[in-house]
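Peer 1: Taking the working numbering, the leading residue of the sequence shown gets 13, the next gets one more, and so forth.
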Amino acid sequence: MTSLRGVLFAAIIGLAAVAPAVAGQFSPEQTTEIQAIIKDYLIKNPEVLRDAITALDAKEKAAEAETRAKALARLSGDIAGGPDGFAVGNPDGKITLVEFFDYNCGYCRRSIPDVARLMKDNPDLKVVLRDFPILSPASVDAAIIAGAAHRQLSADKFWDFHKSLLGSHGLVGKEQAMASAKALGVDMAKLEKDAADPKVRAAIQHTDSMAKDLNLNGTPTFVIGGDVEVGAVGYDQLQADITNIRKCGKALCS
13 MTSLRGVLFA AIIGLAAVAP AVAGQFSPEQ TTEIQAIIKD YLIKNPEVLR
63 DAITALDAKE KAAEAETRAK ALARLSGDIA GGPDGFAVGN PDGKITLVEF
113 FDYNCGYCRR SIPDVARLMK DNPDLKVVLR DFPILSPASV DAAIIAGAAH
163 RQLSADKFWD FHKSLLGSHG LVGKEQAMAS AKALGVDMAK LEKDAADPKV
213 RAAIQHTDSM AKDLNLNGTP TFVIGGDVEV GAVGYDQLQA DITNIRKCGK
263 ALCS
C-alpha cells in the first residue's frame, strides 16, 4: 500500500508539474475529469498531502542548510575574528564560539550562565559576542553604547558590562547602557564622542549583514565549529559541540 501510494503521489506531482505545458492537449471535459480523479484520490488518501508537505519541508531545510554552510565557509574568519566582534574568554583560544545576541532578548539573558560556565570549563575557548539588535530601536541604542564602551574596556570588564545589561529589568536602551558603562569607570565624555563615530554603527550593520547572509532571524544564535545552533540550546549542547571540535575539528562529527 505504501509503495502504491508513493507511485500515485509521484504521478500526481508529475502531472502537476507538466500540467501548464499540456493543458491545451485536453478538452475542457477531459480536464474536468482529470481534476475530479485527482480530487477524489486526495480525499480518499489525505496522507499524500502530509507526505508532500513533509517532503517539501525537508527539501527547503536541506537547501537552507546548504546555503548557510556556503555562507559560513565564506564568512568564517570574519565572523569569528573580525574587529567588530567583542571577544571575551581566552583571546587566543583554539576554539571559538560566536553568539549573535540582542540586549533585550530574554533567551540571551537565560544563556549568560551557560556561556560563563563554558568559559570556565574550557580555558581554550574564545567567545565572540556579536551585537545583533533586532528586537527594538532601544536595542540599537544599547548596541551603539556597547560598541563605544568596548573601546575603553578590557575583555573582563566588557564581560561585566555585557552581563550587567542583560541582567537589567525592563526595556534596555541607551540609559541603561550608559549607567552600566559609568559603573565600570568608563570616561563618559569619550563614550559620548565614540558613540557618535560612524564606525560604531557600521560595525553593527556589518554584523547584521553577516546574519542576513547566514539567514539568521533570531537571538541568541551560536556559531561554532562550522555549525549553527539556534536559540538558547543550553550548556550541554554547546559543550558537546566543543567536545566534538576537539575530536574531529567540527561541531558535528561524521
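For every residue, glycine included, the Cβ atom is placed at its ideal position computed from N, Cα and C.
Examine the Cβ distances between the stretch 214-232 and the stretch 174-187 and report whether three or more of them are shorter than 8 angstroms.
Peer 2: no
Peer 1: Which residues does DSSP pair with ALA99 in a beta bridge?
Peer 2: VAL140
Peer 1: Between LEU196 and LEU165, how many whole angstroms is the CB-CB distance? I'm expecting something under 8 angstroms.
Peer 2: 6 angstroms
Peer 1: Whole angstroms is fine: what's the gap from LEU16's alpha carbon to ALA83's?
Peer 2: Model confidence at LEU16 stands at a pLDDT of 49, short of 50, so the residue's coordinates are unreliable; what they give is reported in the following sentence. Roughly 40 angstroms separates the two Cα atoms.
Peer 1: Rounding to the nearest angstrom, what Cα-Cα distance links ALA160 and GLU204 in this structure?
Peer 2: 8 angstroms
Peer 1: Does DSSP classify LEU109 as helix, strand or coil?
Peer 2: strand
Peer 1: Assign ALA150 to buried or exposed, taking buried as 16 or more other Cβ atoms, counted over all protein chains shown, within 10 Å of its Cβ.
Peer 2: buried
Peer 1: Which residues in the same chain as LYS259 place their Cβ atom closer than 7 angstroms to its Cβ, once the five residues preceding and following it in sequence are excluded?
Peer 2: CYS265
Peer 1: Can you list the alpha helix (DSSP H) stretches of 4 or more residues lying completely in the stretch 29-97, in chain order?
Peer 2: 40-56 and 59-93
Peer 1: Below 6 angstroms CB to CB, which residues in the same chain sit around ALA154 once its five sequence neighbours on both sides are set aside?
Peer 2: TYR115, VAL184, GLY185 and ALA189
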